[in-house]
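Going line by line, the protein sequences match chains A and B. 116 is the number that our numbering gives to position 116 of the first sequence; each next residue is one higher, with no gaps. Just add 1000 to wherever you are in the second sequence, counting from 1, and you've got our numbering. To start, the structure under review is shown below, and the notes come after it.
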Amino acid sequence: MRLLLAEDDAILADALVAQFEHAGFAVEHAPNGAVAEYLLGKHDFDAAVLDIGLPMVDGLTVLKNARITKPALPVLVLTALDGLDDRVAGLNAGADDYLTKPFDFPELEARIRALLRRTRPQQPAGAAPEVGRLSFDREARRALIDGAPVDLSPREWDLLDLLLTHRNRVVHKEQITQTWLADRAADNSEAPAAVGMIEVYIHRLRRKLEGSGVSIRTVRGLGYLLEAEAHAGR
Amino acid sequence: MSRPPWLQRTLAATVGTRSLHRQLLLWLLLPQLVLWLAAAFVTFNVAQRYANRGVDASLLQATRALSRQVKPIGNGLFIDFPRAAQDIIEADPDDRVYYMVSTPPGQFILGNRQLPLPPDVHTPRLNEPYFYDAQIDRLRIRLAALYVPIGETTGEPGEPRTRQVMLVQIARSQASRDELAQAILMDTVLPLSGLIVLMTMIVWAGIRAGLAPLARLRAQVENRAPNDLTPLQPQAAPQEVRSLATAVNQLLAAVQESVAAQRRFISNAAHQLRTPLAGLKSQTEIAMEANHDPALAARLRLVHESAVRGAHLVSQLLTLTRAEPEAAGTLPLQRVDLSALAAELASENVPRALQAGIDLGVEDAPTGAPPVQVLGNAALLREAVANLVDNAIRYAGRGAEVTLSVHAAGDQAVLEVADNGPGLNPASPDLHEAIFGRFFRATHEGSGCGLGLAIVREIATRHGGLARAEAVAPHGLRLRLQLPNRLIN
């Protein structure tokens, strides 16, 4: 994947180029706005990382001009400015995402990949995400622990899917009920869910996930969180 | 030019350099006093004159009556002055009365006393009275004198005829006149004094009312917060005060601009620092990844930590400058759901808390309780709560529980973050207040920079609320953010 990096600080740019290349991207570096515009016109890129404070032509102008010729290009704005007004200005100028310096590279990479997923067709779900000893096939709606299938009701499936999608992040009870409501299949076959039902389903799911290296944690007052157990090996 | 000390002291005491009130009062009252004295003096003289007139009139009457008692007959004079008439003239209970008839003037022919002649009279007017004061044996007397023609001398043939003139004088001591003058004085001066006193009181009230706009202006300035640079309101103030208020407002505007410029500079500097810090962090991360030497790895970790700390400090500095009162003073306010904010920030921080081995959660609100809302600036409140949670995660320690709770207490909204970690050192009771100081750290572990709680307090104060810390039994710390619930109106 081809990435344009427009950043004027030489040291930071050097680090970013190295990190992106290490992550499998082909990176072109522009040290100022004029070169950035030139490169954007000359090559096709899959995504761009743009600093706002560029010499010659500033980042927002480059972005606005780029939006005219390449409206579909995913652009992430990387900047020291973190005020609300700056954020709004960036998004209004056409940025798809906004990240402030300093940042963690894994987060930058994840966001770029998220932008790319949005624009590119979904890869066939041949890749089954694996967590601990749990294998999860979304297309086939199947879960396997150490290769052995796990018997899940539709609601339990939705719950597990939701928790896995938000792995290591809090899922609120409202999100769970919303997901259940949205899935018609579940509604037809089982009684309508009440909030108290969530605890019951979590309890059932926990039992079924025993030994899978994956556990569901209760976050007091907020919801639930799925995480890989520390000692689970792969 | 320096005045001698005694003069300075006198001036200070009398002119009242420290008090406009006193100065105005002195300027108004001293002339009044002088004028009062002058009026009293003039009144006394006028009183005397009118008293004299009264006395003189009666003296004149007596003089004319007396003159009629002496008639020329042939070459002599016929004096018809019975004893009874004498008694009438002399009988005055208050004063002594003297009389004299003399002809030629000065030659005593009738009377009870030799009386002095009218002074400075060379060619006496006939039948026109003279009034004058004199003294007899230390007694002050008022005299009336009348020159009366009593015929012509039939002189020798060839000699011109000369008029014969008789001088009739009546004198009276001053006692009753003085009494009269005094009575007139009392009757005029006393009311005048009363008038002066009344005027003084009116002047005093007038000065107070006149200077009241100054007092109001002073109150406006004294009652404002130290950071408040909003302009003064010179409404309905008289011209002189308005120009003072305008001058002060200009000064305030200049200070505002200076403060704003400083703040912009700090903000720009902090922003500029971020890029090199990002470069430092990224390069260190690459180096750490590529490194195989364990000793170097340890060093690189420290470099990385230092870079992270620097970045954190810059972020906090920027947050703090944003939290400080804007020179303009106004803050965009919205309805903020504090319960939702707590839940949101807690959720966001759960992954980080888990990495630090901390059980982060939110206390359930009592069933049926409405969400706690406040009127405040959403961005700042978010920063405040974020810093409270961040503080707990950094310092509660592995294995601790951190709980957020939100509830309403009267007209206040309260958000608390409590942990059961080690808490603050109980031997230092002042720590619970000191931790809110800028750059104050209660521990040297970890990579905090000492600004988090200072930010919380700054934001709380801007919203008219407060931030407090208290110990939790048996061990732990509870941080409380209390905000007035201005939605109740």
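The beta carbon of each residue, even a glycine, is placed where N, CA and C say it ideally should be.
{"Check": "Under 8 Å between beta-carbons, which chain A residues line up against B:L1277? List them in chain order, please.", "Outcome": "K101 and P102"}
{"Check": "When burial is assigned at 16 or more other CB atoms within 10 Å of the CB, is A:Q19 buried or exposed?", "Outcome": "buried"}
{"Check": "Roughly how many angstroms separate the alpha carbons of A:D44 and A:T61, rounded to a whole number?", "Outcome": "19 Å"}
{"Check": "Helix, strand or coil for B:R1352? Go by DSSP, reduced to three states.", "Outcome": "helix"}
{"Check": "Whose Cβ in chain B lies nearer than 7 Å to the Cβ of A:V170?", "Outcome": "S1347 and V1350"}
{"Check": "Leaving out five residues before and five after B:L1024 in sequence, what residues of the same chain have Cβ atoms less than 6 Å from its Cβ?", "Outcome": "I1207"}
{"Check": "Pick from B:L1077, B:L1477, B:A1085 and B:R1382: whose alpha carbon is nearest that of B:A1065?", "Outcome": "B:A1085"}
{"Check": "How about B:A1144 and B:T1200: do their beta carbons lie closer than 7 Å?", "Outcome": "no"}
{"Check": "Report the three-state DSSP secondary structure of A:K101 (helix, strand or coil).", "Outcome": "coil"}
{"Check": "Measuring straight from C-alpha to C-alpha, what distance separates B:R1398 and A:I11?", "Outcome": "36 Å"}
{"Check": "Please list the terminal residues of the continuous beta strand (DSSP E) segment that includes B:S1102.", "Outcome": "V1097 to S1102"}
{"Check": "For chain A, check one thing: does any of its Cβ atoms lie closer than 7 Å to the Cβ of B:D1364?", "Outcome": "yes"}
{"Check": "In angstroms, rounded to a whole number, what distance separates the CA positions of B:A1245 and B:P1238?", "Outcome": "11 Å"}
{"Check": "Anyone know if the C-beta pair for B:D1419 and B:V1406 falls short of 7 Å?", "Outcome": "no"}
{"Check": "For B:V1148 and B:A1047, I'd like the C-alpha separation in whole angstroms.", "Outcome": "31 Å"}
{"Check": "CB-CB under 8 Å to A:T69, same chain, minus the five flanking residues each way: which ones, in chain order?", "Outcome": "L40 and G41"}
{"Check": "State yes or no: is the C-beta of A:E229 nearer than 6 Å to some heavy atom of the ligand FMN?", "Outcome": "Judged by which ligands are present, the structure shown has none, so any question about the ligand FMN falls away."}
{"Check": "Between which two residues does the alpha helix (DSSP H) containing A:H29 stretch?", "Outcome": "Element bounds for A:H29: not the alpha helix (DSSP H) but the beta strand (DSSP E), A26 to A30."}
{"Check": "Strictly under 7 Å for the Cβ-Cβ distance: is A:A127 near chain B by that measure?", "Outcome": "Unreliable placement is indicated for A:A127, whose pLDDT of 48 sits below 50; the coordinate value is still reported in the next sentence. Chain B, which has no Cβ nearer than 7 Å to the Cβ of A:A127, makes this no."}
{"Check": "Against chain B, which members of the segment 1-22 of chain A pass a CB distance test of less than 9 Å?", "Outcome": "E7, D8, D9, A10, I11, L12, A13, D14, A15, L16, A18, Q19 and H22"}
{"Check": "Indicate the three-state DSSP secondary structure (helix, strand or coil) for B:R1172 in the structure shown.", "Outcome": "strand"}
{"Check": "Measure the Cβ-Cβ separation of B:T1367 and A:D9 and say whether it is below 7 Å.", "Outcome": "no"}
{"Check": "Would you mind sorting A:A127 into buried or exposed? The rule is 16 or more other CB atoms within 10 Å of its CB.", "Outcome": "Only weak support exists for where A:A127 lies, its pLDDT of 48 falling under 50; the coordinates are left without a value."}
{"Check": "Starting from the beta carbon of A:G221, find every residue of chain B whose beta carbon is closer than 7 Å, and list them in chain order.", "Outcome": "G1361, V1362, E1363 and D1364"}
{"Check": "Checking contacts by CB at 7 Å: is B:A1245 closer than that to chain A?", "Outcome": "no"}
{"Check": "By a C-beta neighbour count over all protein chains shown, 10 Å radius and 16 as the cutoff for buried, is B:N1223 buried or exposed?", "Outcome": "exposed"}
{"Check": "The beta strand (DSSP E) that contains B:I1136, what's its start and end?", "Outcome": "P1129 to I1136"}
{"Check": "If you follow the alpha helix (DSSP H) that B:K1071 is in, where does it begin and where does it stop?", "Outcome": "Segment V1070 to I1073 is the beta strand (DSSP E) holding B:K1071; no alpha helix (DSSP H) there."}
{"Check": "Is the separation between the beta-carbon of B:R1049 and that of B:V1097 shorter than 7 Å?", "Outcome": "no"}
{"Check": "Going by beta carbon distance, what residues of the same chain come within less than 8 Å of A:R217, once the five residues before and after it are set aside?", "Outcome": "Y224, L225, L226 and E227"}
{"Check": "Measure the alpha-carbon distance for A:E109 versus B:D1430 and round it to whole angstroms.", "Outcome": "46 Å"}
{"Check": "Could you tell me which of B:R1068, B:V1248 and B:P1371 sits nearest to B:R1218, measuring between CA atoms?", "Outcome": "B:V1248"}
{"Check": "Can you have a look at B:M1100 and say buried or exposed, based on whether 16 or more other CB atoms are within 10 angstroms of its CB?", "Outcome": "buried"}
{"Check": "Name the residue from B:E1445, B:A1467 and B:S1176 whose alpha carbon lies nearest to the alpha carbon of B:D1056.", "Outcome": "B:S1176"}
{"Check": "Who does B:R1218 pair with in a DSSP beta bridge?", "Outcome": "None, per the DSSP bridge assignment."}
{"Check": "So which of B:P1231, B:V1389 and B:S1267 has the shortest CA-CA distance to B:V1255?", "Outcome": "B:P1231"}
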